[in-house]
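Written below as structure tokens is the structure these notes are about.
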Amino acid sequence: MTQPVATLMQRSEFEAFTFGKDHCEGVAWGPDGYLYAGGEAGQIYRVALADGSSEIIANLGVDALGIAVDAACNLYVCSENGHCVFRVTQAGAVSVYSRGTPEQPMCLPNYPVFDRDGNLYVSDSGDWEGANGCIYCLAPGGAARVVTPNTLRFPNGMALGPDGTELYFIESNLPGVRKARILPDGGLDTAQVVVEMPYTVPDGLAFDVQHNLYISCYVPHRVYRLDPRGQLEILFDDWQGTLLNAPTNLAFAGADLRALVFANLGGTWLTRTTMPHPGIALPNPRL
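Just so we're on the same page, this note's numbering is the position in the sequence shown counted from 1, plus 1.
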């Protein structure tokens with residue numbers, strides 16, 4: 002007989018909200034106090050955390066994956082079918098920020114994250130079974146270079162480390178998480194394995210101020226917490242898939258950054274919970 006798994010949080014502590022969204026993969030918190038999420042058909046949603054009200058501020062015309070936000074609330078949105086990172090203004094203007102390099106155009110740009118200097122790191126997942134993914138570093142303005150070997154196993158969600166000197170990234174087909182020291186020129190040192198997670202497909206990452214790392218899994222419908230000692234525990238497991246359904250990216254949100262919000266690629270809503278510790282504020286550089 003199958004037994005329920007032990008979890009750190011209970012089902013009653015999670016809530017689905019802002020319904021009618023088009024299978025969002027990316028979600029990000031903006032310095033203007035709104036959530037931003039991207040739909041499967043390219044919709045860019047601006048969502049009020051308090052009541053879930055939303056509006057579409059732009060449409061890419063192709064899928065929207067991970068999202069990063071600068072100080073002016075311009076959005077940087079990865080697109081698999083667009084093979085690029087788009088820049089979206091608050092007025093809804095859409096332009097291409099980067100397509101990679103002439104020698105190595107982007108294949109499946111998946112997730113972007115800013116460092117404190119305004120460099121935008123972008124995971125390019127490559128092929129699921131190909132072990133041919135990489136990470137780009139886009140200088141302010143979008144000039145790109147590849148900063149990892151082209152051998153990563155479906156690099157996916159990323160997070161800047163707690164002190165800003167390391168980049169953490171998921172390899173969904175490892176499966177697990179690696180980290181690499183950010184070099185003075187914006188490059189990355191050799192990546193080291195942080196944790197392996199057999200029989201899962203990890204997707205998204207976020208840190209809290211206690212340096213706990215939260216890892217959302219596309220499969221199963223589950224979120225893990227990796228504490229600073231390296232202990233991996235299940236934060237919440239939704240075997241029914243009615244609150245979390247193929248959760249992909251996650252983001253701390255709210256004025257106190259204690260709301261943890263999940264995008265559900267398998268559903269038409271976002272999910273939120275309230276955490277005991279705030280998340281680490283992400284860089285929103287002025288470009």
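Don't be surprised by glycine CBs; every beta carbon is placed ideally from N, CA and C.
What number of angstroms, rounded off, separates the C-alpha of Gly-83 from the C-alpha of Thr-272?
Rounded to whole angstroms, Gly-83 to Thr-272 spans 27 Å at the Cα level.
Report back the beta-carbon spacing between Thr-201 and Cys-218 to the nearest angstrom; my notes put them in contact at under 8 Å.
Correct: roughly 5 Å between the Cβ atoms.
Report yes if the CB atom of Gly-119 is closer than 8 Å to the CB atom of Pro-286, and no otherwise.
Yes, the pair counts as a contact, with Cβ atoms nearer than the cut-off.
Where does the unbroken beta strand (DSSP E) through Asp-238 begin, and where does it stop?
Note, Asp-238: beta strand (DSSP E), 233-238.
How is the beta strand (DSSP E) around Ile-1 delimited, first residue to last?
Since the first and last residues shown for the chain are 2 and 288, residue 1 lies out of range.
Within the present structure, is the beta-carbon of Arg-287 separated from the nearest heavy atom of the ligand SAH by less than 7 Å?
As far as ligands go, the structure on display features none, and thus does not contain the ligand SAH.
Using the Cα positions of Asp-33 and Val-147, report the straight-line distance between them to the nearest angstrom.
Each residue's Cα considered, the two are about 31 Å apart.
Between Gly-255 and Leu-50, how many whole angstroms is the CB-CB distance? I'm expecting something under 8 Å.
That pair is a contact at about 6 Å.
So, Leu-36 versus Val-262, is the Cβ gap smaller than 8 Å?
Their beta carbons are under 8 Å apart, which means Leu-36 touches Val-262 by this criterion.
With DSSP as the reference, label Ser-13 as helix, strand or coil.
Residue state, collapsed to three classes: helix.
Tell whether a beta-carbon distance below 8 Å holds between Phe-208 and Ile-281.
Against a cut-off of 8 Å, the Cβ pair of Ile-281 and Phe-208 comes out as a contact.
Quick check: Pro-150 and Gly-177, are their CB atoms within less than 8 Å of each other?
Against a cut-off of 8 Å, the Cβ pair of Gly-177 and Pro-150 comes out as no contact.
So, are the CB atoms of Phe-237 and Met-10 less than 8 Å apart?
Cβ atoms of Phe-237 and Met-10: closer than 8 Å.
Can you tell me whether Val-63 is helix, strand or coil according to DSSP?
Three-state DSSP puts Val-63 in coil, outside helix and strand.
Going by DSSP, what residues sit across from Arg-88 in a beta bridge?
Note: Arg-88 sits in a beta bridge opposite Tyr-77 and Ser-96.
Roughly how far, in whole angstroms, is the beta-carbon of Leu-76 from the beta-carbon of Val-89, given that I think they are within contact range, below 8 Å?
Between Val-89 and Leu-76 the Cβ distance is about 4 Å, and since that is below 8 Å, they are a contact.
Would you call Arg-179 buried or exposed, if buried means 16 or more other Cβ atoms sit within 10 Å of its Cβ?
So Arg-179 counts as buried.
Check for me: the beta strand (DSSP E) holding Met-159 runs from which residue to which?
Note, Met-159: beta strand (DSSP E), 156-161.
Any idea if Pro-248 is buried or exposed, counting beta-carbon neighbours within 10 angstroms, 16 or more meaning buried?
Result: buried.
Nearest-angstrom Cα distance between Ser-173 and Ala-73?
Using only the alpha carbons, I get a separation of about 32 Å.
Cα separation between Cys-25 and Gly-187?
Their Cα atoms are separated by approximately 30 Å.
Are the CB atoms of Ile-290 and Leu-189 nearer to each other than 8 Å?
Outside the shown range of the chain (2 to 288) lies residue 290, about which nothing can therefore be said.
Indicate the three-state DSSP secondary structure (helix, strand or coil) for Leu-210 in the structure shown.
With the sequence shown as reference, residue 210 is identified as Val, and Leu is not the correct amino acid for it. If DSSP states are grouped into helix, strand and coil, Val-210 belongs with coil.
Which residue from Arg-223, Ala-144 and Asp-116 puts its Cα closest to that of Met-159?
Nearest of Arg-223, Ala-144 and Asp-116 to Met-159, Cα basis: Asp-116.
Using the Cα positions of Ala-92 and Ile-58, report the straight-line distance between them to the nearest angstrom.
Rounded to whole angstroms, Ala-92 to Ile-58 spans 7 Å at the Cα level.
Taking Cβ positions, are Tyr-46 and Gly-40 nearer each other than 8 Å?
For Tyr-46 and Gly-40, yes; Cβs fall inside 8 Å.
Run the CB neighbour count on Ser-96, radius 10 Å, all protein chains shown included, and call it buried at 16 or more, exposed below.
By the neighbour-count rule (16 or more Cβ atoms within 10 Å), Ser-96 is not buried but exposed.
Check whether the Cβ atoms of Val-86 and Val-123 lie closer than 8 Å to each other.
Yes. Within cutoff.
According to DSSP, Gln-44 sits in a beta bridge with which residue or residues?
Answer is Asn-60.
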